[in-house]
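Peer 1: What the sequence shown shows, in this note's numbering, is residues 111 to 178, in sequence order. All residues carry an ideal CB built from backbone N, CA and C; glycine is no exception.
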Amino acid sequence: MTGEIISVAVSAAAGILGTWVKLNTDMTKMTARIDALEKNQDHVSTALRELMEGVNEIKILLAKNRVE
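(1) What are the start and end residues of each continuous beta strand (DSSP E) run of 3 or more residues lying completely inside the stretch 119-177, in chain order?
(2) Quick check: the Cα distance between T135 and E167, rounded to an integer number of angstroms?
(3) Tell me the rounded alpha-carbon separation between E163 and L172.
(4) Look at the alpha carbon of K149 and the alpha carbon of V165, and state the distance between them as a whole number of angstroms.
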């Protein structure tokens, strides 16, 4: 009887430990992915800002040509 209880306790402890390790691994992966997405968002924002500046310059040039 004692051997069965010990084996069940060891199995439960192993399962809890395995779950804890998996959750920590998944959280690390998600944190790294979030960091990568935030960096990518900064690059996209910068590119969109540059694009808008270019579009605004084109609008100004077109307006100047229509006035002259």
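Peer 2: According to the structure data:
(1) none
(2) Your numbering for residue 135 matches position 25 in the sequence shown. Your numbering for residue 167 matches position 57 in the sequence shown. So the alpha carbons of these two residues sit roughly 48 Å apart.
(3) As a working mapping, residue 163 is identified with position 53 in the sequence shown. As a working mapping, residue 172 is identified with position 62 in the sequence shown. E163 and L172: Cα-Cα distance of roughly 14 Å.
(4) Working through the sequence shown from its first residue, we reach residue 149 at position 39. Working through the sequence shown from its first residue, we reach residue 165 at position 55. When only Cα atoms are considered, K149 and V165 end up about 25 Å apart.
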